[in-house]
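Colleague: Just dropping this structure here.
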Amino acid sequence: MSMLSNAHKKSGHVTGVILAGGTSRRMGKNKALIQLGEDPLIGHVIRRIRPVTDELLLITNTPDEYAHLGLPMHGDVVSDAGALGGIYTGLASACYDTVLCVACDSPFLVPKLLIYLVSVLDNYDAVMPYTYRGNPTDPNNSDQITLQTL
Numbered sequence: 032m033s034m035l036s037n038a039h040k041k042s043g044h045v046t047g048v049i050l051a052g053g054t055s056r057r058m059g060k061n062k063a064l065i066q067l068g069e070d071p072l073i074g075h076v077i078r079r080i081r082p083v084t085d086e087l088l089l090i091t092n093t094p095d096e097y098a099h100l101g102l103p104m105h106g107d108v109v110s111d112a113g114a115l116g117g118i119y120t121g122l123a124s125a126c127y128d129t130v131l132c133v134a135c136d137s138p139f140l141v142p143k144l145l146i147y148l149v150s151v152l153d154n155y156d157a158v159m160p161y162t163y164r165g166n167p168t169d170p171n172n173s174d175q176i177t178l179q180t181l
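What the sequence shown shows, in my numbering, is residues 32 to 181, in sequence order.
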């Protein structure tokens, strides 16, 4: 049986997966714990994803840094695989067959968009929003969010 088999998972609920496995080489310190206002970046992420999910998991290889959050944590199943390895771990660790993966350093998540993404999954195996820009000098071309089906 594949680790990603959904046969053992429960339907109708959502597992939220926060990916916090980066090495912070460019930043020099843990991005997730950088303060933005009164909360660290990861605090904003938790606050925005929690109402949309029934289970919340943190994927990290440095659990001591996040113990104060009180979230269930899982280390990478496949080491040195980057974000894809974290996504794999989240899928394998989730109790539910619908999994919403987000980065720990994305404090401006829009809960309404997260709810929408979950709502359209009945029609697709996976969905991913992305933004693109048109000609910046054309006032009719604003940023748009497009739903990419995988």
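Yeah, the Cβ is synthetic: ideal placement off N, Cα and C, and Gly gets one too.
Relative to the C-alpha of D136, which residue among S150, K60, V158 is closest?
Modeller: The residue given as residue 136 occupies position 105 in the sequence shown. For the residues S150, K60, V158, the minimum Cα distance to D136 belongs to K60.
Colleague: Out of P160, V48, P138, which has the shortest C-alpha to C-alpha gap to L89?
Modeller: Position 58 of the sequence shown, counting from 1, holds the residue named residue 89. Among P160, V48, P138, the Cα nearest to that of L89 is on V48.
Colleague: Under 8 Å Cβ to Cβ from L102, same chain only, skipping five residues before and after it: list those, please.
Modeller: Taking the sequence shown and counting its residues from 1, the one referred to as residue 102 is at position 71. I49, I77, L87, L88, L89.
Colleague: Quick check for students: name the residue ranges of the alpha helix (DSSP H) that lie wholly in the region 85-161, counting only runs of 4 or more.
Modeller: Whole alpha helix (DSSP H) segments, 4+ residues: 113-124, 142-150.
Colleague: Quick check on S124: buried or exposed, where buried means 16 or more other Cβ atoms within 10 Å of its Cβ?
Modeller: The residue labelled residue 124 in the question sits at position 93 within the sequence shown. Buried, since its Cβ has 16 or more Cβ neighbours within 10 Å.
Colleague: Check the DSSP bridge columns for I27 and list the partner residues they point to.
Modeller: The chain is shown from 32 up to 181; residue 27 falls before or after that span and cannot be answered.
Colleague: Across which residues does DSSP place L67 in a beta bridge pair?
Modeller: As a first step, residue 67 is located in the sequence shown; it is residue number 36 there, counting from the start. L67 is bridged to D70.
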